[in-house]
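Residue numbers (the working numbering): 98 to 213.
C-beta: ideal position from N, C-alpha, C; glycine also.
The structure appears right after this line, and notes come after that.
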């Protein structure tokens, strides 16, 4: 018998609508979703679930911003895949996100086809 594990996705976003949209876009993927509402919670949930396959990281969150959380996660596990997401895209945001270790960068509203 094959020991298969469901895909595990951590969504770090303080906006309820964004979380609902993301989980709906990804509903066809056999995945377990872990939801964090702020940067500190995202870091705590990652430490409790270091085997996550993907993190969807909002850049602008309370307590710790997504860039700081990404730096801390990548220092612990540089192989963790993180996609930065933001509704408040500024000129240098994508560059900053990639510099701290994000693997990709998308802007809100998120295009479900592009995400999948």
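Counting only runs that start and end inside the segment 145-201, the beta strand (DSSP E) elements of at least 3 residues fall at 151-155, 179-183. 8 Å or more divides the Cβ of residue 154 from the Cβ of residue 195.
Two segments are said to touch when three or more pairs of C-beta atoms, one from each, lie closer than 8 Å; by this definition the segment 156-176 does not touch the segment 120-132. When DSSP states are grouped into helix, strand and coil, residue 114 belongs to the helix group. DSSP, read as helix, strand or coil, puts residue 123 in coil.
Around the Cβ of residue 143, a 10 Å sphere holds 16 or more other Cβ atoms; the residue is buried. In chain order, 134, 135, 155, 158, 159 place their CB closer than 7 Å to the CB of residue 111, counting only its own chain and leaving out the 5 sequence neighbours on each side.
Residue 161 sits close to residue 140, with the two beta carbons spaced by under 8 Å.
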